[in-house]
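**Q** Handing you a structure now.
2 protein chains.
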Amino acid sequence: MPTDDFFADVLAANEAYVARFDRAGLTGRAAKGLAVLTCIDSRIDPLAALGLVAGDAKILRNAGARVTDDVLRTLVLASHLLGVDRVMVMAHTDCRMVGESDARVHEAIRASGGPDTRSILFQVTSDPEGTLAEDVQRIRSSPYLEGLRVGGFLYDVETGRLTRRC
Amino acid sequence: MPTDDFFADVLAANEAYVARFDRAGLTGRAAKGLAVLTCIDSRIDPLAALGLVAGDAKILRNAGARVTDDVLRTLVLASHLLGVDRVMVMAHTDCRMVGESDARVHEAIRASGGPDTRSILFQVTSDPEGTLAEDVQRIRSSPYLEGLRVGGFLYDVETGRLTRRC
Chain A
1137 MPTDDFFADV LAANEAYVAR FDRAGLTGRA AKGLAVLTCI DSRIDPLAAL GLVAGDAKIL
1197 RNAGARVTDD VLRTLVLASH LLGVDRVMVM AHTDCRMVGE SDARVHEAIR ASGGPDTRSI
1257 LFQVTSDPEG TLAEDVQRIR SSPYLEGLRV GGFLYDVETG RLTRRC
Chain B
1137 MPTDDFFADV LAANEAYVAR FDRAGLTGRA AKGLAVLTCI DSRIDPLAAL GLVAGDAKIL
1197 RNAGARVTDD VLRTLVLASH LLGVDRVMVM AHTDCRMVGE SDARVHEAIR ASGGPDTRSI
1257 LFQVTSDPEG TLAEDVQRIR SSPYLEGLRV GGFLYDVETG RLTRRC
């Protein structure tokens, strides 16, 4: 195994977690029947924000909480095999994926010394409410996800408050 | 706004979270320079397992902790604009995405009363160690992610212990 120490801090913290671990015996099914799709944003702790503990819910996260093909693949598994019957799509305030355009993000990466990323579709949106509604609909319209309850929510990173949007 | 009550329990829990919220003023940058890709499995609380708090790290989650195009898109943003310089790919024991084949999962969904999902690539693996190594390499080899430190880890859902694998 690699012996670099780039991850020594989190591995040491994990030792302390193991010492007080009390979650043995849970199964892979979501006890509360819930899946939550949210953004990777470091300010969001979805379990804490929703009063959940390990065992309760499936958490999906990507840049912007977007309903990509990867998310649909994941929700099909979660709903048919892992006990999920309701889904929250949870966008948030001050998201880096909300802005003028992908072009501006490509420029920002170049300006920071990064590579030319223009072959990548980042899926930046200038209309976060409209995008959230479209993403929720993308789940509702999937022929593989009939019967799932789906809601669109906005999380405020300054207050911790979650608001239903669609 | 919808007035159904499918999400009343988590919205009520969120009210309590807001009342004690103490994370105002954080930015979207990952304070510990860390991104963690893990599975949606309900037994994994990645922040707690790694001794992290809101603000520290970007968390990415999909079925199987697989390095999909959606994950690469997300890591490019995280590394060039949001302060990430190291990535943990964190598979886990007892994962529904480890098994004989996609075909068996399609059969299981049909057997549970679900639809014919054979047009979907679930990316089930029968060799989780090999798949983890390939997924780690997929990040290391990306021309958009040069300089990122990447490690592959296995999380034991029965003990909470994280082990470096590659």
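As they're listed, the protein sequences go chains A and B.
Per my numbering, residue 1137 is the first one in the first sequence, and the count goes up by one each step.
Per my numbering, residue 1137 is the first one in the second sequence, and the count goes up by one each step.
C-beta: ideal position from N, C-alpha, C; glycine also.
(1) Name the chain A residues that come within less than 7 Å of A1185 (chain B), Cβ to Cβ?
(2) Going by DSSP in three states, A1171 (chain B) sits in which element: helix, strand or coil?
(3) For L1147 (chain B), does the three-state DSSP call read helix, strand or coil?
(4) Using a cut-off of 8 Å between C-beta atoms, extract the partners of M1224 (chain A) located in chain B.
(5) With 16 as the cutoff for other CB atoms within 10 Å, does T1163 (chain B) come out buried or exposed?
(6) What's the call for P1182 (chain B), buried or exposed, on a 16-neighbour Cβ count within 10 Å?
(7) Using beta-carbon positions only, say whether T1295 (chain A) and A1160 (chain B) come within less than 9 Å of one another.
(8) Is the CB of D1206 (chain A) under 9 Å away from at least one CB in chain B?
(9) Quick check on the DSSP output: what are the complete beta strand (DSSP E) runs of length 3 or more inside the stretch 1184-1246 of chain B, in order along the chain?
(10) Which class does T1261 (chain B) belong to by DSSP, given the choice of helix, strand or coil?
(11) Closest by CA to L1213 (chain B), which one among A:M1224, A:D1206, A:A1247, A:A1199?
(12) Is there contact between the stretch 1200-1211 of chain A and the stretch 1189-1209 of chain B, where contact requires at least three CB pairs shorter than 8 Å?
(13) At what residues does the beta strand (DSSP E) containing V1286 (chain B) begin and finish?
(14) Relative to the C-alpha of R1114 (chain B), which residue among B:N1150, B:T1267, B:E1151, B:V1272 is closest?
(15) Taking the DSSP output, what are the residues bridged to R1165 (chain A)?
(16) What residues of chain A sit near P1304 (chain B), judged by a beta carbon separation below 8 Å?
(17) By the 10 Å Cβ neighbour count, where 16 or more other Cβ atoms means buried, how is D1192 (chain A) classified, buried or exposed?
(18) Report the CB separation of L1290 (chain B) from H1228 (chain B) in whole angstroms; it is logged as a contact under 8 Å.
(19) Which chain B residues are close to A1214 (chain A), counting only those with a beta carbon under 8 Å from its beta carbon?
(20) Straight-line CA distance for L1218 (chain B) to P1138 (chain B)?
(21) Would you check if the distance between the CB atom of S1248 (chain A) and the CB atom of R1165 (chain B) is smaller than 9 Å?
(22) Would you call the CB atoms of R1170 (chain A) and L1188 (chain A) closer than 9 Å?
(23) Consider the Cβ of L1188 (chain A): report whether some Cβ of chain B lies at a distance smaller than 9 Å.
(24) For R1276 (chain B), does the three-state DSSP call read helix, strand or coil?
(25) Compare the C-beta of S1237 (chain A) against all C-beta atoms of chain B and say whether one is closer than 9 Å.
(26) Please tell me whether V1303 (chain A) has its Cβ less than 9 Å away from any Cβ of chain B.
(27) Using a threshold of 9 Å, state whether the C-beta atoms of L1268 (chain B) and G1283 (chain B) are closer than that.
(28) So, at 7 Å on beta carbons, what are the nonlocal neighbours of D1230 (chain A) in its own chain, with the 5 sequence-adjacent residues on each side left out?
**A** Let me spell this out:
(1) N1150, Y1153
(2) strand
(3) helix
(4) F1143, V1146
(5) exposed
(6) buried
(7) yes
(8) yes
(9) 1193-1198, 1222-1228
(10) strand
(11) A:A1199
(12) yes
(13) 1285-1291
(14) Only positions 1137 to 1302 of chain B appear in this structure, which leaves residue 1114 (chain B) out of reach.
(15) Partner(s): none; R1165 (chain A) has no beta bridge.
(16) In the structure displayed, chain B extends from 1137 to 1302; residue 1304 (chain B) sits before or after that span and is not available.
(17) buried
(18) 7 Å
(19) I1176, A1199
(20) 34 Å
(21) no
(22) The identity of residue 1170 (chain A) in the sequence shown is Leu, whereas the question assumes Arg. Cβ distance < 9 Å, so L1170 (chain A) and L1188 (chain A) count as in contact.
(23) yes
(24) helix
(25) no
(26) Past the boundaries of the shown model lies residue 1303 (chain A); chain A is included only from 1137 to 1302, so the question cannot be answered.
(27) no
(28) V1293
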